[in-house]
Amino acid sequence: MDVGKHENEVQTDVKLLLECLKCQVNNQSAVKQALLTLSSIFSTYDFVKEYFKDIGGLLFLMDLLTSVENCEVQERALFCLGCAIERNVFCQKSLTTCNIFKFIQTILSRGSTAKVKQAATFFLINLVSNNGEGQVLVKQSQCLSTLIELLSFSLPINIRENDANEPGCEWFNGSGPTSVELWTSVVNALCVSINNPQNEENQKVCGLQLPFILKLLEKQSETFLLARHLMFLLGFVVSNNKSNQDQVRRLGGLDILCMILKQWYEKSSSEVLKEVVHIITTIDSCISDNADSANMLGKSGAIQILANVIHNDCLDTEDKIKVTITLGHAMENSATNRKLFLEAGNSLQDVVHILTSSEDEELVKALKYVLQISVQKDPCNDRDWQQPERDNKGIGENILKKINDLSMRLHSVEERECEFTNAPKAGTLNHFESNKSQPCMNINSLEGFKTDNEVKNSCYLNTLDKSELLKVIITDTV
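The opening residue of the sequence shown carries number 116 in the numbering used here; numbering runs sequentially from there.
Here's what the structure looks like:
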């Protein structure tokens, strides 16, 4: 089907549905069905969103939303508006107004159903996502304060204050699963309100909730859904914010995170391993560029776990990069953590082993970053180290030196490979003529390198070069 014709057909459908809404505004069943169909179209076809804005669709939906009292129609209208502006800057900007934010705050703060509040939160997420102006309005309109209240009160069962066995404990019963869905939407709305772009004012407001977040995280550590969302929120609240990082440390937050890390790591299943990576990235946000927090991390036994997680075969490359970077940040400003890393069994050799099997450029860079940090000199503490640690530092320095040598040798191999690829084919007259003045490349002459007599393709050559040469480095160094 012609693309232009198909787009015209979709636009015609959207226009007809809008006319249906205008004509059947008093028919709740027809309105709900039209809104549901429009939401589906917006979720499928991004190109039609601006067209819907241009024909007045967004403004009509806002008029409908403010005039109707039926909860189901409100829910569908809010969800439809969220779909209409999702991932579309022009539609998003057209609704980024103070009045709309105040209207959303009214819905969230009054006695609406959990489903209506969830739909309003979805709409708010798409209004604020990647929108600095929206982040400012979410605070000015009191939406942020209302979201923070919902963070505490929207869970089906939530401990408001103190411990469950202490006086003053209050349990709140919500409306079952819908409250959990509302709560996760509230967490997501808070995340977009403080991140991308980073908004320090909103971070400061959310930072006041760190005691509650950490207490709830400690109590719900076995509930992966809740714990994961709390970690996302915690990570954004402390990201590039030393004041909030320090507060987490003072509140014992790093101890809580490391305790959960140990609990999850000991479960040793591939499903839980993903959750382990989530908590490691949260820890990374808490310690990045913060030497005091990094030092406290070392006292919790987390360095050994990070070193072990890196070489877990169940992790994909992206997750290995995250864990490796966290380990690097933990050691960057802490000589104690560097010492713990070198003491952690075969951690140094394990890092080098991954280099022999990885073809991912970003992972290799991250691993070299860890190796470089692990052998940094520490004038104050270096002389107090025991002999095994000094030996490991020497190994690390030799490995780094030989890795640099490897890079030069691989570059040489690539140049020779190009010469080999562009050379005349064997068995032709040009081949024999060229051999008279230029000898054939002898790949076996490379030190420590073994290959077949014939290189079949560049991919095979590159893989074999890196693997074999790195094995030589490990053998000669460790």
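Virtual Cβ for every residue (Gly too), placed ideally from N, Cα, C. Bear in mind that the values here come from a model prediction, so they are computed numbers and not experimental data.
### Task
Find out if the Cβ-Cβ distance for the pair L478, T441 is shorter than 8 Å.
no
### Task
Identify, in the order they occur along the chain, each residue of the same chain with its Cβ nearer than 6 Å to the Cβ of H344, setting aside the five sequence neighbours on each side.
Hits under 6 Å: T299, V302.
### Task
Taking only the alpha-carbon atoms, compute the straight-line gap between M411 and S294 and give it to the nearest angstrom.
36 Å
### Query
Are L332 and I371 closer than 8 Å when you measure CB to CB?
Judged by beta-carbon spacing, I371 lies within the 8 Å limit of L332, meaning their Cβ atoms are closer than that value.
### Query
When every heavy atom of the ligand ADP is checked, does at least one fall within less than 7 Å of the C-beta of D161?
As for the ligand ADP, it is missing from this structure, which has no ligand bound.
### Query
What does a CB cutoff of less than 7 Å around D497 pick up in its chain, not counting 5 residues either side in sequence?
Below a pLDDT of 50, predicted positions are generally treated as unreliable, and D497, at 43, falls in that range; the measurement from the model is reported next regardless. So the list is empty, once near-sequence residues are dropped.
### Query
For T236, does the three-state DSSP call read helix, strand or coil?
helix
### Query
Can the beta-carbon of N214 be found closer than 8 Å to that of K164?
no
### Query
In whole angstroms, what separates the C-alpha of E386 from that of N123?
45 Å
### Query
Taking DSSP as the reference, what is the three-state secondary structure of Q255?
helix
### Message
Using only CA atoms, which one of H468, E248, V125 lies nearest to N314?
### Response
Residue E248 is the option with its Cα nearest to N314.
### Query
Beta-carbon separation of E201 and A234 under 8 Å?
no
### Message
Beta-carbon within less than 7 Å of L176's beta-carbon, same chain only, minus the 5 sequence neighbours each way: which residues are those?
### Response
Taken in chain order, the residues that qualify are A192, C195, L196.
### Query
Skipping 5 residues on each side, what residues in its chain have a beta carbon closer than 7 Å to that of F351?
Same-chain partners within the cutoff: C306, I309, N310.
### Task
Return the residue from the list T211, A149, V485, D361 that minimises the CA-CA distance to L421.
The shortest Cα separation from L421 among T211, A149, V485, D361 belongs to V485.
### Task
With DSSP collapsed to three states, give me the class of K565.
Its pLDDT being 36, under 50, K565 is placed unreliably by the model, and nothing is read from it.
### Task
Buried or exposed for C373, please, with buried defined as at least 16 other CB atoms from any protein chain shown within 10 angstroms of its CB.
Buried is the call here.
### Message
Spatial neighbours of S209 within its chain, please: C-beta separation below 7 Å, excluding the five flanking residues on both sides.
### Response
Same-chain partners within the cutoff: K168, L173.
### Task
Counting only the same chain and skipping the five closest in sequence on each side, list residues whose C-beta sits under 7 Å from that of K586.
In this predicted model, K586 has a pLDDT of only 45, less than 50, meaning its place in the structure is not dependable enough to derive any value.
### Message
My parser needs the alpha helix (DSSP H) runs of 4 or more residues fully inside the stretch 428 to 465; what are they?
### Response
Runs found: 432 to 447, 450 to 458.
### Query
Are the beta-carbon atoms of A406 and N448 separated by less than 8 Å?
yes
### Message
The alpha helix (DSSP H) that contains F175, what's its start and end?
### Response
172 to 182
### Query
How many Å lie between Q318 and S358 at the Cα?
10 Å
### Message
Measuring straight from C-alpha to C-alpha, what distance separates F238 and D178?
### Response
15 Å
### Query
Grouping DSSP H, G and I as helix and E and B as strand, with all else coil, what is P326?
helix
### Query
By a C-beta neighbour count over all protein chains shown, 10 Å radius and 16 as the cutoff for buried, is K120 buried or exposed?
exposed
### Message
Just to confirm, is the Cβ distance from K254 to E316 under 8 Å?
### Response
yes
### For V353 and A481, the rounded distance between their alpha carbons
23 Å
### Query
So which of N141, Q143, Y160 has the shortest CA-CA distance to D128?
The closest CA to that of D128, considering only N141, Q143, Y160, is found on Y160.
### Message
For the alpha helix (DSSP H) containing S154, name the first residue and the last one.
### Response
143 to 159
### Unbroken stretches of the alpha helix (DSSP H), 4 residues or longer, contained in the stretch 178 to 226
186 to 200, 204 to 209, 213 to 224
### Task
Taking 8 Å as the cut-off, decide whether the C-beta atoms of S256 and Q220 are in contact.
yes
### Message
Report the CB separation of G443 from I395 in whole angstroms; it is logged as a contact under 8 Å.
### Response
Actually they do not touch by this definition, with Cβ atoms about 12 Å apart.
### Query
When you compare only the Cα positions, how much space is there between S227 and L132?
27 Å
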